[in-house]
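Read top to bottom, the protein sequences are chains H and R.
Every position in the first sequence, counted from 1, becomes a number in the working numbering once 357 is added.
Every position in the second sequence, counted from 1, becomes a number in the working numbering once 919 is added.
Below you'll find the structure, written out as structure tokens, and then a few comments.
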Amino acid sequence: MKHKLKNYIKLGILLFGILFLVTNCENEPIKEIHAITKPSFKTSKINLSNFKNKDKVFKKLNDVSKNTTNLQNRTVYDSINNFFVNTESVILIEYEEYHWLTFNIERDYETNLLENLILKYNAEHDTYQAFISEYDITDEERELLSQGGFIPNLEHKTTFYPIVEFNNNILNRPGDIIPDPITGNCYMIDDVIRYTDGTFVVTYIQVDCPGGAGNNSNNNGDGNGSGTETGNDTDNTDTNNSNNDGDSTQYGGGGGADTNDENAGDTNLPDDLDNTVATLPNIDNTCNKLSKVSNSPSFQLRMQELIANTVNNTEIFYYGRHLNNGNMDYSANDRYEGQPNFVGVDVPLPNTKVDSFIHNHFNNGNGTLSVFSGSDLYSLYELYINDKIKDLSKFVMVVTTPGNNISSTDDDTVYAITINNSLEFATFGTKFLTDPLIVDVLLYNDRDNKIDKNISNELNEERFVRMLQKNSSGMSVYRGNRTNLNS
Amino acid sequence: MKKLILFTTVFVVMLSCSAQSIVYDITASPEQIVGDNYYIKDVNNQFSSVVGTWKWQDGISYFEITLQKFEMESYSSSSTKYYDHIYGKYKYVENGVVIAEVSQINPFPNFKLVFSFDTPTKYIIGINDVVSGKNKKGYFIIISPNTATLELKDIEGVNIGGYNSIIPFSLPTSVTLTKQ
């Protein structure tokens, strides 16, 4: 009996312990919304041949090294970058479902440089991105490291070089100048700020390439040369793309200093960059990437009609097609108008592929959305999956809206969207744009987005951009000027 | 037996603690929600005021909607963002004839009726009319514990292709419903 009682007490304590743990696990985060997000990384030394995801890692090493030798061997040789990595002694850093693998790089010549190959796991796509890191440290510091010691501010002595792709420059340190092999433009990292929730913000500007070569002189930018990029270092949300012309600023995109500007070539930061580092992605307000569209006479004519119509009672829509001279044409044959006083405009799929569409919103007394509606995004995806877009990377979608104040046009808006990453756009579309209810009701109204016609234009803009960013939509947003369509 | 209890204990604790998402209440604003690993949860069980069956009736015509809460839903298997959502089914009978019916409640992505929390007494509703294929969006406003109004409007913006049928929207767009 005594023994039985003892067991019951033990069981009671155990169950109380479980209850305590379970209630703790559930309730604590609610109370400490901002305080418990600091990532805790687990670090261990492994042999790659025992690693759970070794097949994918070896595949990446294959891709990186272009090596035909048996990678199951102890050493892998990268014939392009001329180094060896040891696969038997690898540092594994884990955080939740994300991880990084760090290999020591050995050269076949004498060097004092300490280098690592880093494979960063992209959980969403189940792939790896490869970087080389160089550590600018003294012999004493190197010795300290080898003994397991700690070097203060090591991150400031570290430079990361992406292998294969240009667009991994998010890990570069401030001051680094990165060439874009596609456009020839060069960008200087202005600042990298990491937040405790794992989010980082990168700002960068276009600068002269070292040696004076490589800048894109066809840039039509206005010299507002700031770019911001946000993402999460535990989730590959980098939407920077190699197709970036370098002539625009966009969230997730490149910087925008104009080489025709009087400040061209000045690598000092413009004054307006002082305040560009923020927790939210900046939205472009130059629209200079859209210069070819905005300079088109047809665009200016039709936009005047749409802008005037934001205070009327219909939505008007035009498909646009590039002319041989590069201008965009919005033909009267491609014009559609919704029913009076009913928001929305029904439009058939075009017979031939198109390069653009433009339309207006209006306020029928029930309020109006100051940014693109979910239905607009759905329609863009409809064009895409029906193969009605001529060149996705050049497609431009524009909306003009009346804003919240129906008695004034002061807060009216013009926004444009382009696709900066077709793969991300396709993935985002598969997830959210197959049904207008998914995007319009669920995604827009989830509490982490809450894009709504009853809030200010500024907040809607901020939330809209963040929603596209957080969900890796592959889209860039631009803010235009209603009174000057060239800007 | 001891081993079984211990195993169960460890299993339960692991289940509870392994996915440590930050939990936010459904009243949180986007600006409060940080990171990519979170659960937007109906912490105070506010959904209970709408979950269930609501009915508008006029003689032998009626429109009935049934709503169900789905917990910890995510938009993809790799996502670490979770949500509590409300989905539903409906039946519209006009003069004894069934005009439109959705007989099964499906969650994301195959739902035909979805409610999104706006305030404790106001929900944004999205509904697909299975007859015309058209969608409408509107508000479901609770005016007393057992009474609510439903107002449906067109969805703003461009509707290219897919769902612009010539068949008119067949469901009632402005009714007062009673909770059953």
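From the three backbone atoms N, C-alpha and C, an ideal C-beta is built for every residue, glycine too.
Item                                                                                                                                : Value
CB contact check: R/N1025 to chain H, cutoff 8 angstroms                                                                            : no
Runs of beta strand (DSSP E) lying entirely within the segment 676-754 of chain H, each at least 3 residues, in chain order         : 692-694, 702-704, 713-717
Partner residues on chain H for R/S1035, Cβ-Cβ distance less than 8 angstroms                                                       : V798, L799, N802, D803
Check whether H/S736 and R/V1077 have beta carbons under 8 angstroms apart                                                          : yes
Residue nearest to H/L706 in terms of C-alpha spacing, selected from H/P697, H/N717, H/Y693                                         : H/Y693
Residue ranges of each alpha helix (DSSP H) within the segment 996-1064 of chain R, 4 or longer                                     : none
Residues that DSSP places opposite H/A773 in a beta bridge                                                                          : H/V755, H/Y835
Stretch pair the segment 816-824 of chain H + the segment 799-807 of chain H: three plus CB contacts closer than 8 angstroms        : yes
is_contact[R/S1077, chain H] using C-beta, thresh 8 angstroms                                                                       : It should be pointed out that residue 1077 of chain R corresponds to Val in this sequence rather than to Ser. Interface residue, yes.
C-alpha gap between H/N461 and H/E472, whole angstroms                                                                              : 6 angstroms
Within chain H, partners of R/I1018 - CB distance below 7 angstroms                                                                 : What R/I1018 touches in chain H: nothing, since even the nearest Cβ is about 20 angstroms away.
Own chain, CB closer than 7 angstroms to H/H456, minus 5 neighbours either side, in chain order                                     : L449, I450, Y478
Distance CB(H/L474)-CB(H/V414) smaller than 8 angstroms                                                                             : no
Buried or exposed by the 16-neighbour rule on C-beta atoms within 10 Å, applied to R/M991                                           : exposed
Cβ contact check for the segment 992-1009 of chain R and the segment 739-757 of chain H: 3 or more pairs under 8 angstroms          : no
Residue range of the unbroken alpha helix (DSSP H) whose run includes H/F821                                                        : 814-827
Closer than 8 angstroms to chain R by CB, H/I795                                                                                    : yes
Assigned exposure category for R/A1019 - 16 Cβ within 10 Å defines buried                                                           : buried
Segment contact, 8 angstroms Cβ cut-off, at least three pairs: the segment 967-986 of chain R with the segment 1091-1099 of chain R : yes
Proximity test, Cβ basis, 8 angstroms: R/M933 and chain H                                                                           : Note that R/M933 has pLDDT 40, beneath the 50 cutoff, so the model's placement of it is unreliable and no number is given.
Chain R contact residues for H/L740, given Cβ-Cβ distances below 7 angstroms                                                        : I1079
Identified DSSP bridge partners for R/Y943                                                                                          : R/I959
R/N1054 beta carbon less than 8 angstroms from that of R/I1074                                                                      : yes
Residue from H/I746, H/A783, H/D565 with nearest C-alpha to H/H679                                                                  : H/I746
For H/Y772, the nearest candidate out of H/P759, H/N652, H/D744, H/G837 (CA to CA)                                                  : H/G837
C-beta neighbour in chain H for R/K1056, strict 8 angstroms                                                                         : yes
Beta-carbon spacing of R/F1059, R/I1044 below 8 angstroms                                                                           : yes
Minimum Cβ-Cβ distance from R/G1007 to chain H less than 8 angstroms                                                                : no
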